[in-house]
Ligand SMILES: Cc1cc2nc3c(=O)[nH]c(=O)nc-3n(C[C@H](O)[C@H](O)[C@H](O)COP(=O)(O)OP(=O)(O)OC[C@H]3O[C@@H](n4cnc5c(N)ncnc54)[C@H](O)[C@@H]3O)c2cc1C
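Chains as they are written, first to last, in my numbering: chain A, 1 to 395; chain B, 396 to 476.
Below is the structure:
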């Protein structure tokens, strides 16, 4: 696809461009969900609107957007199609690792310029057979010889793996490294082959096409991030993941609430002078939505404050708060959508009414298992053996 | 102090490799120190030296090497007297 090239000055505000994409995503969301297919139309629109590389610093040709602005973009898209928004969020999480850790490495800096020019879609291969979602351990190892690397991974989940332009792969730093001594490698199309091992016929998030693959790759050793993955995970990836996932889930929940509100208003119009029965629950669910919004916003504010100091970013207190953000928003989101369905009743339960919330409900159930909340809570419980919660309201 | 730290690392099996093969400045995370083990190790240090790590010391850097741990512990022990 030939992309229109525009200077930054010619571009409209990112949120405005995203609203145009969201319209396209909403139009195809039911079909994407039903067929479990890649949201091709919306991703093409994201590329055409030049929304893929917005986080890349201006010195590499991007727009240098911060995480709060990108979270807002995810929320806008999340209200249209949960799968498309999750694809976009996962891509931006990978982009954030490049932004935070790639600037000093000539190869990665060059790759960022390319991302802007070509509007690449980046995928992630952290999950591995025999390891699961334990991000901080790998079995596979990258091997470097004469300036070239080779890497094979039993990647049991790579969302939109077949449609990505590059994949960021975690692995052990060397064949003799410990399982927690990891690196991350950028493999570009042409560097790798994917042999499908598992499918993705799921309850929700069907359009993310998160199939499993045997990944075989090789390339220039410079494609390996110079920092250890432990640093990348602690300083950018975990926070970006939990914030942007939370933003997507908030978008899904917000659209379910909007449908519930539309349902209650329609009922109110039919019976002027009386308050419909769903109105009380609507008041309750809007309070929950406001609470969820506060969690996401507080998470971003905390992250942006921590960005000013690398020590703070790798502190245990910060890790606890970012873990909690994921657990809280995933639980809240599911409660809210369930509530919206109670309000809309059969109209919400059916798939073919303007008040349908079935897709929302199925999509949001993925939140609790997308890195299991139990896994995250058990990790946090360990951290809380030494760390105390910061009780000040103003830092 | 560094000897006591080394002894604790060995006793508590904090890392999989032999601690004697590591220099004082060697990166413990590279030697396989996991997030879980690092917390357990902090608790062991608090117990052994009768100190409590304040929030500002609870970062990766504090526990990155035997040298770094020594530095933090010394700071806490001097504060105490
Ligand atoms: C929509 C979606 C998209 C995804 N996209 C990608 C992708 O692009 N790339 C990628 O690499 N991965 C992807 N994943 C996979 C994801 O990163 C996790 O690997 C996956 O959700 C499994 O989580 P888990 O490892 O916590 O569960 P598993 O390891 O499968 O564990 C199964 C269950 O065991 C329990 N459990 C496991 N560990 C613990 C523990 N320590 N304490 C308590 N209980 C525990 C939990 O109940 C958990 O649900 C995606 C997942 C989803 C849902």
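Every residue, glycine too, gets a C-beta built ideally from N, C-alpha and C.
*asked:* Let me see if you follow: with CB-CB separation under 8 Å, is residue 317/A close to chain B or not?
replied: At a cut-off of 8 Å between beta carbons, residue 317/A contacts chain B.
*asked:* Using a Cβ-based criterion (distance less than 7 Å to any ligand heavy atom), does residue 126/A qualify as near ligand 1?
replied: Correct: residue 126/A has its Cβ closer than 7 Å to ligand 1.
*On the three-pair Cβ rule with 8 Å, is the segment 204-223 of chain A touching the segment 150-164 of chain A?*
yes
*Could you work out which residues of chain B lie near residue 234/A, taking near to mean beta carbons separated by less than 7 Å?*
For a Cβ distance threshold of 7 Å, residue set 455 of chain B lies close to residue 234/A, ordered along the chain.
*asked:* Given 7 Å as the limit, tell me if residue 319/A has its C-beta closer than that to any heavy atom belonging to ligand 3.
replied: In the structure on display, ligand 3 does not appear, and the ligands it does have are ligand 1.
*Taking only beta carbons into account, state which residues of the segment 208-237 of chain A come closer than 9 Å to chain E, listed in chain order.*
Absence of chain E from the displayed structure is noted, the protein chains being A and B.
*Report all residues from its chain with a CB closer than 8 Å to the CB of residue 343/A; omit the five preceding and five following residues, and keep chain order.*
260, 263, 264, 278, 281, 282 and 285
*By how many angstroms is the C-alpha of residue 355/A removed from the C-alpha of residue 348/A?*
5 Å
*State yes or no: is the beta carbon of residue 472/B nearer than 8 Å to at least one beta carbon in chain A?*
Not closer than 8 Å to any Cβ of chain A, the Cβ of residue 472/B fails to qualify, so no.
*Please name the residue or residues paired with residue 192/A in a DSSP beta bridge.*
189/A and 217/A
*Is any heavy atom of ligand 1 found at a distance shorter than 7 Å from the C-beta of residue 18/A?*
no
*Could you tell me which uninterrupted alpha helix (DSSP H) segments, each at least 4 residues in length, are contained entirely in the segment 106-169 of chain A, listed from first to last along the chain?*
106-118
*Can you list the residues of chain A that residue 403/B reaches, using a CB-CB cut of under 7 Å?*
Chain A residues near residue 403/B: none, gap ~16 Å exceeds 7 Å.
*For residue 211/A, the three-state DSSP class (helix, strand or coil)*: strand
*Please determine if the segment 110-121 of chain A and the segment 190-197 of chain A are in contact, where contact requires at least 3 C-beta pairs separated by less than 8 Å.*
no
*Taking contact to mean at least 3 C-beta pairs separated by less than 8 Å, is the segment 231-239 of chain A in contact with the segment 87-103 of chain A?*
yes
_Selection of the segment 310-337 of chain A by Cβ proximity to chain B, strictly under 7 Å_ = Correct list: 311, 314, 315, 316 and 317.
*Excluding the five sequence neighbours on either side, which residues of its own chain have a C-beta within less than 6 Å of the C-beta of residue 53/A, listed in chain order?*
62, 115 and 116
*Using a C-beta cutoff of 8 Å, does residue 396/B count as contacting chain A?*
no
*Tell me whether the beta-carbon of residue 96/A lies closer than 8 Å to the beta-carbon of residue 208/A.*
no
*Find the residues of chain A that neighbour residue 429/B, judging by a C-beta separation of less than 9 Å, and give them in chain order.*
136, 137, 178, 179 and 180
_Considering just the uninterrupted stretch of the alpha helix (DSSP H) at residue 32/A, what are its terminal residues?_
14-35
_Any C-beta of chain A under 8 Å from that of residue 434/B_ = Judged by the 8 Å Cβ criterion, residue 434/B is in contact with chain A.
*Going by DSSP, which residues form a beta bridge with residue 315/A?*
454/B
*Note down, in chain order, every chain B residue with its Cβ under 8 Å from the Cβ of residue 387/A.*
450 and 453
_Cβ closer than 8 Å: which chain B residues qualify as neighbours of residue 203/A?_
Going along chain B, no residue has its Cβ under 8 Å from residue 203/A, so there is no contact; the nearest lies around 31 Å.
*chain A beta carbons: is any one of them nearer than 8 Å to that of residue 438/B?*
Answer yes: the Cβ-Cβ gap between residue 438/B and chain A drops below 8 Å somewhere.
*Contact with chain A by residue 463/B, beta-carbon distance below 8 Å*: Using a Cβ-Cβ cut-off of 8 Å, residue 463/B does not count as an interface residue toward chain A, since no Cβ of chain A sits closer than that to its own.
*In chain order, what residues of the segment 409-426 of chain B put their CB closer than 9 Å to some CB of chain A?*
410, 411, 412, 422, 424, 425 and 426
*asked:* Quick check: does the Cβ of residue 375/A come within less than 7 Å of any heavy atom belonging to ligand 1?
replied: yes
*Going straight from the alpha carbon of residue 92/A to that of residue 291/A, what length do you get?*
25 Å
*Run the CB neighbour count on residue 409/B, radius 10 Å, all protein chains shown included, and call it buried at 16 or more, exposed below.*
By the neighbour-count definition (other C-beta atoms within 10 Å, threshold 16), residue 409/B is a buried residue.
*State the Cα-Cα distance for the pair residue 17/A and residue 250/A, rounded to the nearest angstrom.*
20 Å
*My understanding is that residue 181/A touches residue 425/B, with C-beta atoms under 8 Å, so please give their C-beta distance in whole angstroms.*
5 Å
*Can you give me the start and stop residues for the alpha helix (DSSP H) that residue 444/B sits inside?*
430-444
_When you compare the CB of residue 373/A with every CB in chain B, is at least one pair closer than 8 Å?_
Judged by the 8 Å Cβ criterion, residue 373/A is not in contact with chain B.
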